[in-house]
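Structure first, then comments.
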Amino acid sequence: MNAFNFKNNTLHAEDVALNKIAENFGTPCYVYSKSALTKAFERFNAGFKDTNHLVCFAVKSNPSLAILNLFAKLGAGFDIVSGGELARVIAAGGDPSKVVFSGVGKTADEMRAALEAGIFCFNVESASELTRLNDIAGYMGKIAPVSLRVNPNVDAKTHPYISTGLKNNKFGVAYEDALDIYLQAAAMPNIAIHGVDCHIGSQITELSPFMDAFDRVLALVDALEQNNIRIQHIDLGGGIGICYSDETPPEFSDYAKAMLAKLGKRDIKLVFEPGRALVGNAGVLLTKVEYLKHTETKNFAIVDAAMNDLMRPALYDAYHAIEAVQPRDANTRNYEIVGPVCESGDFLGHDRELALAEGDLLAVMSAGAYGMSMASNYNTRPRAAEIMVDGDKLTVIRQREKVQDLFALETIIK
Ligand code: LLP
């Protein structure tokens, strides 16, 4: 059952009507369903229950402490890409020994913090990074556990901005160079080779790119074995898509079956880094219609959420379904749903057939991933509040920012 449903002609999050949330906490706000988050994690995990595995939630997709804490309690590890995300995981009660650290630009400070915390693995993305990590671990008297992130050069068939597994982007090391760099790593005194890592992109809605990438990774694992380098885990990254409109992404169970069939009898732990697939459909952005404006060619619904709150439409032309929280029994019009930010790219949806009046509430659906995490303060707009729903219980998991907070770190030169 979906966590966001209509009851009595009103859209609910679990047992709570979204208009009640707007009344109590104002708009715009993000609303998450605890049961949807929990079920998504449990379903993903279930596919691998008989296998040595670790699900590392990709923090960047939704770094809310409450959400990280929920996943930590369910047994998750975390995929981080910055020292900030490491600090968040620790503050949320996550276990550093279940953290993988990805990203092409890890700084020396970030490496030190991660070594200090005792993370599970560094996903190293270049030969230079490997050298730096070896040096820093040496100074600290530590051994750094590493995987190389290899770029398997497969087409993830997704938006070019979120495709990462092709030759011509900045991520990972070229597949052809991987063996060489592993041999260099094997000779470094403060590096311990633990795994092989890949992540080919995001919002992938077919199984085949994952299968192709896994094939290439396994071929590398075999080549490493022949060179006396024994791999303990394979990290297959994240990337499973969700349904925003009519996409049919692979079911978690089918994904798991396909991956396990490829792994066969090898005694290798599997690591995954799902983000969107665990949180995307567990959150909505609740917003109010401020004004309706009818021009010669267009009808605009100007709402109180904007591109600074949910950047995906402006940045990727991404589609999010938009529902009236209390649909009206009236003639619909074709609306542009836009925010108050002074940019023509500030839209949340084009061509939406809705019957609207000023003051109505809208829910921008599937906004749990890369929504709040990519929000900004553009136009000096405080970031939205975040609310967690659990049955009929509500918790403000992040308060709405105050305008004064936004310039608290600034100084006027006298
Ligand atoms: N692992 C690594 C190394 C990643 O770079 C990412 C996402 C993930 C895991 C999680 O991928 P997921 O399972 O969520 O697809 N802002 C874009 C998405 C950018 C994804 C960046 N990397 C969007 O709003 O669509």
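Read in order, the letters of the sequence shown correspond to residues 17 to 430 in our numbering. Ideal Cβ placement from N, Cα and C applies to all residues, glycine included.
Assuming the contact rule is C-beta atoms closer than 8 angstroms, residue i and residue j should be a hit. Round their C-beta distance to whole Å, please.
i, j, result
"Met-388", "Lys-50", "Incorrect: roughly 16 angstroms between the Cβ atoms, too far for contact."
"Thr-396", "Ala-371", "Their Cβ separation, rounded to whole angstroms, is 33 angstroms, which puts Thr-396 and Ala-371 out of contact at 8 angstroms."
"Lys-309", "Val-319", "Their Cβ separation, rounded to whole angstroms, is 12 angstroms, which puts Lys-309 and Val-319 out of contact at 8 angstroms."
"Ile-96", "Ala-124", "Between Ala-124 and Ile-96 the Cβ distance is about 16 angstroms, and since that is not below 8 angstroms, they are no contact."
"Asn-139", "Ser-118", "4 angstroms"
"Ser-382", "Ile-258", "6 angstroms"
"Lys-285", "His-69", "6 angstroms"
"Asp-345", "Val-287", "51 angstroms between Cβ atoms; not a contact."
Have a look at residue i and residue j and give me their C-alpha separation to the nearest angstrom.
i, j, result
"Asn-167", "Val-300", "33 angstroms"
"Thr-439", "Tyr-351", "Limits of the chain in this structure are 17 at one end and 430 at the other, which puts residue 439 out of reach."
"Gly-296", "Asp-421", "28 angstroms"
"Val-47", "Leu-377", "13 angstroms"
"Ile-245", "Glu-141", "18 angstroms"
"His-366", "Asp-333", "10 angstroms"
"Pro-266", "Asp-171", "17 angstroms"
"Ala-391", "Asn-324", "5 angstroms"
"Gly-384", "Asn-78", "7 angstroms"
"Val-419", "Leu-364", "23 angstroms"
"Arg-104", "Gly-291", "16 angstroms"
"Glu-30", "Phe-20", "6 angstroms"
"Val-75", "Pro-44", "23 angstroms"
"Val-354", "Leu-84", "31 angstroms"
"Ala-298", "Phe-57", "11 angstroms"
"Phe-268", "Phe-73", "15 angstroms"
Of the residues the options, which one's Cα is nearest the Cα of residue i?
i, options, result
"Leu-164", "Met-390, Asp-171, Ala-172 and Leu-195", "Leu-195"
"Phe-187", "Cys-214, Glu-417 and Ala-383", "Cys-214"
"Gly-154", "Ala-208, Asp-193 and Phe-73", "Ala-208"
"Gly-254", "Ser-269, Glu-263, Leu-294 and Leu-236", "Leu-294"
"His-28", "Ser-218, Ala-340, Asp-66 and Ser-261", "Ala-340"
"Leu-240", "Glu-222, Ala-201 and Ser-269", "Ala-201"
"Val-212", "Gln-248, Leu-70 and Ala-190", "Gln-248"
"Arg-416", "Glu-426, Met-156, Ala-424 and Ala-400", "Ala-400"
"Gln-342", "Phe-64, Lys-158 and Leu-302", "Leu-302"
"Tyr-191", "Ala-143, Leu-53, Pro-398 and Lys-36", "Ala-143"
"Ala-82", "Leu-53, Ser-98 and Ala-337", "Leu-53"
"Arg-328", "Val-380, Ile-197, Arg-344 and Thr-313", "Val-380"
"Lys-55", "Leu-276, Arg-414 and Asp-406", "Asp-406"
"Gly-93", "Ser-80, Ala-107, Gly-100 and Val-116", "Val-116"
### Task
At 4 residues or longer, and completely inside the stretch 135-201: list those alpha helix (DSSP H) runs for me, N to C.
143-156
### Task
Would you list, in sequence order, the uninterrupted alpha helix (DSSP H) runs of no fewer than 4 residues that lie entirely inside the stretch 284-340?
292-295 and 328-332
### Task
Within the stretch 358-422, note down every full beta strand (DSSP E) run reaching 3 residues or more, in order along the chain.
363-370, 377-380, 401-406 and 409-414
### Query
Along the chain, which unbroken stretches of the alpha helix (DSSP H) at least 4 residues long are found entirely within the stretch 205-268?
224-242
#### Entry: Completely contained alpha helix (DSSP H) runs for the stretch 64-133, where each covers 4 or more residues
81-89, 99-107 and 124-133
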